[in-house]
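Visitor:
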Amino acid sequence: MTDTTTAARPAFTLRRHHAAVSAVDFNLDATLMASADQHGHVVIWSTATFRPVRAWNAHPGRQILRVSFLNDTTLLTFGRGEALNVWDLDSEHQVATAGAAKGVLDEAVTAAPPLLAQMQVLSGGLCGGDVIPISSDTTGESHFLVALPSADESGKFDLFLLRLNSSSDTTKGRFAPITRHCGHDPSQPISFGMLLSLRWFHRTDPSLITPWCLLAGYETGTVVTWGWRRTSDEEPRVRPPGRVPDPLAHVTVAPAGVPITCAVPDRKAKVGVAGTASSTIYFFELVPQDASSVIVSPLNLPAAMTGTDDSKTGVHGLVFRADNKRIAVASWSSGVHILSRNGKHMATLPCAVEGDAAVAFSPLLADTTTPAAPTASSWTLSAQQLLAAGTADGAVLLWRVR
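Residue 1 is where the sequence shown starts when you use UniProt numbering, and the numbers rise one by one after that.
1. From this set, Val-251, Ile-338, Ala-147, Ala-111, which residue's C-alpha is nearest Leu-84's C-alpha?
2. Beta carbon of Arg-62, beta carbon of Arg-51: below 8 Å?
3. Is Glu-92 helix, strand or coil by DSSP?
4. Taking the CB atoms as reference points, tell me whether Ala-392 and Ala-20 lie closer together than 8 Å.
5. Rank Thr-220, Val-86, Asp-323, Pro-236 by C-alpha distance to the C-alpha of residue 405 and give the top, closest one.
6. Quick one: using the 10 Å Cβ neighbour count with 16 as the cut-off for buried, is Gly-307 buried or exposed?
7. Could you tell me whether the Cβ atoms of Leu-161 and Arg-239 are closer together than 8 Å?
8. Return the chain-ordered list of same chain residues with a C-beta closer than 8 Å to the C-beta of Val-221, the five sequence neighbours on each side being excluded.
9. Which class does Pro-206 belong to by DSSP, given the choice of helix, strand or coil?
10. Would the region 129 to 142 count as touching the region 199 to 207 if we require 3 or more Cβ pairs under 8 Å?
11. With respect to the beta strand (DSSP E) encompassing Cys-182, which residues constitute its N-terminal and C-terminal limits?
12. Quick check on Pro-206: buried or exposed, where buried means 16 or more other Cβ atoms within 10 Å of its Cβ?
13. Assuming Arg-267 contacts Ala-322 (C-beta within less than 8 Å), just tell me the rounded distance between them.
14. Quick one: is Arg-15 buried, meaning 16 or more other Cβ sit within 10 Å of its Cβ, or exposed?
15. Could you say which of Glu-219, Leu-215, Arg-180, Ile-209 lies nearest to Ile-190 if we only look at CA atoms?
16. Taking all protein chains shown into account, decide if Asn-27 is buried (16 or more other Cβ within 10 angstroms of its Cβ) or exposed.
17. Go ahead and label Thr-369 buried or exposed: buried means 16 or more other beta carbons lie within 10 angstroms of its beta carbon, across all protein chains shown.
18. Quick one: Cα of Ala-373 to Cα of Ala-11, how far?
19. Taking all protein chains shown into account, do 16 or more other C-beta atoms lie within 10 angstroms of the C-beta of Ile-64, making it buried, or fewer, making it exposed?
20. Checking the sheet assignment: what are the DSSP bridge partners for Thr-139?
21. Considering Cα atoms alone, identify which of His-18, Leu-248, Ala-48, Leu-339 is closest to Ala-30.
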């Protein structure tokens, strides 16, 4: 287990990609992990055996900016400047479950899984957007909010509703626009610049018509919280209204000229953490009571590892663990850093000298079995957390983090 400032070697190193790994994610019951790379390939791994069960070219020749499990058997992928795809992984889930019992898996399937929904996306920026579940009903239909950068305006974003219907023998999905060209603050005379990060979060606030809000990070070093303010004649609702969201707060957290490469809210929707193109991350209030006295706390990451390219710096990924007690920071030049929720540096996890670009925690599950000496074939996911990091040399590294 990694819980000190001592560097720890990865528990597992997974290799299947031939390009930099740009995104990673776990499914909800932690039986599968997805990784994607800059050439458009996706690999689905079984966490029972840490072997691939499927690998296919999801977005040929395109960098994949996001992979997100919508449920245990449905995966969303976003290919830069191309499309948003939703895939049916039901067969992989069955194979992984069988593999957990047998301890073995057959060779990975190389054919693409069934495509449930697709939407063309022309944005060529580096923002991977975000998706969040909002509701499901007794008919088997689930609803998800999707936020993506706009194609024609670099600082704007578009919002969509994704419907997945699993009431019949086959699952079907479709996208519907909610509103487009969001992200204008009338109180600001100039643009926030290019949009580099978008994250949904849930915030309970009687002044909002819906609890769903967005945290956006921009190239000017500014972060903005967006939400829908409630007017006197509006009733609260689950789904956002068909109008552009309002700016709830904006904070310039980094010096001028230092872009916000990623920004994430904590699980309680009180504090945000922003990574930058430098070696500094910033903690800030998501929606401060007094915008003129917002608290911003910088944290300088440890120096670069020996042998790294000094011209390549910056934070490429940030993620809070589900219990809100740990933060993983993927930096280009100094490995993966584990922080406490208060910003205390807990550990540095070394990875390839070329740097790492993506991080994800496995879900917190009930601790039913905890082997004394876990191995690749016997270790069971539990309250012992897996942390995955994708590296520039095509590897996926896994650590166990308390």
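Even for Gly, the Cβ is constructed at its ideal location relative to N, Cα and C.
All figures in this text were calculated on a predicted structure; none of them were measured in a lab.
Guide: Taking the geometry as given:
1. Ala-147
2. no
3. helix
4. yes
5. The structure shown does not extend to residue 405, since the chain is modelled only from 1 to 402, so the question has no answer here.
6. Because the pLDDT at Gly-307 is just 42, under 50, the model does not fix this residue reliably, and the point stays unresolved.
7. yes
8. The amino acid occupying residue 221 in the given sequence is Gly; Val does not appear at that position. Taken in chain order, the residues that qualify are Thr-252, Val-253, Ala-254, Pro-255, Ala-256, Gly-257, Val-258, Pro-259, Ile-260, Thr-276.
9. coil
10. yes
11. 172 to 182
12. exposed
13. 7 Å
14. exposed
15. Glu-219
16. buried
17. With a pLDDT of 42 at Thr-369, under the threshold of 50, the modelled position of that residue is not reliable, and no figure is offered here.
18. For Ala-373, the predicted model reports a pLDDT of 37, less than 50, meaning its position is unreliable and no value from the coordinates is stated.
19. buried
20. BP columns for Thr-139 are empty, so no partner.
21. Ala-48
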